[in-house]
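K.L.:
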Amino acid sequence: MFKRLSLTAATLGLTALPAFAHLNPEEHGSFMAGLSHPLFGADHILVMVAVGIWASQIAISKGKDAALLIIPAAFVGTMAIGFLLALGGIHLPFVEPAILASVIALGLLVAMATRVPISVAAGIVGVFALFHGHAHGGELGSAGAFQFGVGFVIATAFLHLAGVALGLAIAKLGAVATRVVGGMTVLAGLSLVFGG
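Residue numbers for the sequence shown follow this note's numbering, so the first one is 0 and each next one is one higher.
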């Protein structure tokens, strides 16, 4: 048993590819880099799923299914604007702190089951999305920006869809279950802030 585990570990160690915190420099600007980027950053996943969950909470509480589309669409659209600002060389201050704050804030909004008009929710997620988009554009530069942008917009939309589906499914378990997920998002955000 030990020999098999050792052989497996050695094989995996020798064939492992290097890990990149964000973009693989060899794939900058590709559609696949854009598509995969949001899927490999905890901050991006947590926020984008939380947006979908919060949209589902608002839709359920207000009986307005439009929230399921408008709130995530506001995030995606404003994120694209932030991306274009970065590509255009327009600097935004505090991008990384704002991204980390967005994880905690959206987790709190879900945990507290905050009910606001759809337009207000769209504005809130839009502010955070501007920083997420700027971070994507700032890491990329201008090479292959269109392909990368299309990829990360699609991935973001799918993460929002996953959040909406999760929010609707969890709501069937009761409001407390959704609030617990929001609390877990807050804790994850705090661990990103203080844990590195």
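Quick reminder that beta carbons are idealized off the backbone N, C-alpha and C, glycines included.
It should be emphasised that the depicted structure is a prediction, and the values quoted were computed from it without experimental measurement.
Under the criterion of a Cβ to heavy atom distance below 8 angstroms, does D64 qualify as lining the ligand ADP?
P.N.:
Absence of the ligand ADP is noted for the structure shown, with no ligands found whatsoever.
K.L.:
Could you work out which residue in L107, A110 and A134 is closest to G196 when comparing CA atoms only?
P.N.:
Here the chain covers residues 0 to 195 and nothing more, so residue 196 does not appear.
K.L.:
Mind checking M78: buried by the 16 CB within 10 Å criterion, or exposed?
P.N.:
By the neighbour-count rule (16 or more Cβ atoms within 10 Å), M78 is buried.
K.L.:
Can A49 and A128 be called in contact, C-beta distance under 9 angstroms?
P.N.:
Not closer than 9 angstroms, so no.
K.L.:
Which runs of the alpha helix (DSSP H) spanning at least 4 residues fall entirely within the region 129-163, listed in chain order?
P.N.:
Within the region 129-163, no complete alpha helix (DSSP H) run reaches 4 residues.
K.L.:
Short of 8 angstroms in beta carbon distance, which residues of its chain neighbour G125, apart from the five on each side in sequence? Order them along the chain.
P.N.:
So the qualifying residues of the chain are A73, F74, G76 and T77.
K.L.:
For D64, count the other beta carbons within 10 Å of its own beta carbon; 16 or more makes it buried, fewer makes it exposed. Which is it?
P.N.:
Exposed, because fewer than 16 other Cβ atoms sit within 10 Å of the Cβ of D64.
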